[in-house]
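Read the structure below first, then the notes.
In this note's numbering, the protein residues as written are 1 to 152.
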């Protein structure tokens, strides 16, 4: 009986060792393997607020073209536009000139009728993204690694 228990335990250890060896280690930085969609752009660039505000007049299925800076022209189609709450407009724009990347823009209207705009441009097959932010009343576009974003 002791001999059978020992053989069973030895067989279990051997099987466990073989399955552990057969596993491939997970890559910790998968975004480093992906190509960069915005490699030609600087890390941070100023953004034209008036061009961003033009998006608030767009409707679903509209073709849009906005020049956010001297280096960045975005062209595409508004594929979704919703008002998730009073004073909050959300838009998704498929950018045809960046391989169908997605521009997600939220336009927030404050109680004093001023607007704040936030957004990002992402493509799940690439390792970088652009983020539109406001700093001291001016808008900027900054590059970030895709590992900081959840994309489905």
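The beta-carbon is built from N, C-alpha and C at its ideal position, and this holds for glycine as well. Nothing here was measured: the structure is a model prediction, and the numbers come from that model.
Where residue i falls: helix, strand or coil (DSSP)
| i | result |
| --- | --- |
| residue 6 | helix |
| residue 97 | helix |
| residue 31 | Only weak support exists for where residue 31 lies, its pLDDT of 46 falling under 50; the value from the coordinates is given anyway. Correct three-state label for residue 31: helix. |
| residue 114 | coil |
| residue 135 | strand |
| residue 41 | coil |
| residue 140 | strand |
Of the residues the options, the one placed nearest residue i, counting alpha carbons only
| i | options | result |
| --- | --- | --- |
| residue 108 | 117, 138, 40 and 136 | 117 |
| residue 134 | 36, 7, 49 and 20 | 49 |
| residue 59 | 93, 68 and 88 | 93 |
| residue 80 | 104, 113, 130 and 126 | 104 |
| residue 71 | 88, 33, 55 and 141 | 141 |
| residue 55 | 91, 84 and 34 | 91 |
| residue 125 | 61, 147, 83 and 87 | 147 |
| residue 61 | 82, 18, 10 and 13 | 82 |
| residue 113 | 87, 53 and 102 | 87 |
| residue 139 | 57, 53, 89 and 102 | 53 |
| residue 63 | 95, 84, 85 and 89 | 95 |
| residue 89 | 7, 57 and 20 | 57 |
Within 8 Å, strictly: CB atoms of residue i and residue j
| i | j | result |
| --- | --- | --- |
| residue 51 | residue 67 | yes |
| residue 74 | residue 97 | yes |
| residue 34 | residue 127 | yes |
| residue 65 | residue 45 | no |
| residue 43 | residue 145 | no |
| residue 15 | residue 132 | no |
Min CB distance residue i to chain B below 8 Å
| i | result |
| --- | --- |
| residue 69 | The structure shown contains no chain B; it is built from a single protein chain. |
Three Cβ pairs or more, each shorter than 8 Å: is that satisfied between the stretch 33-40 and the stretch 113-131? yes
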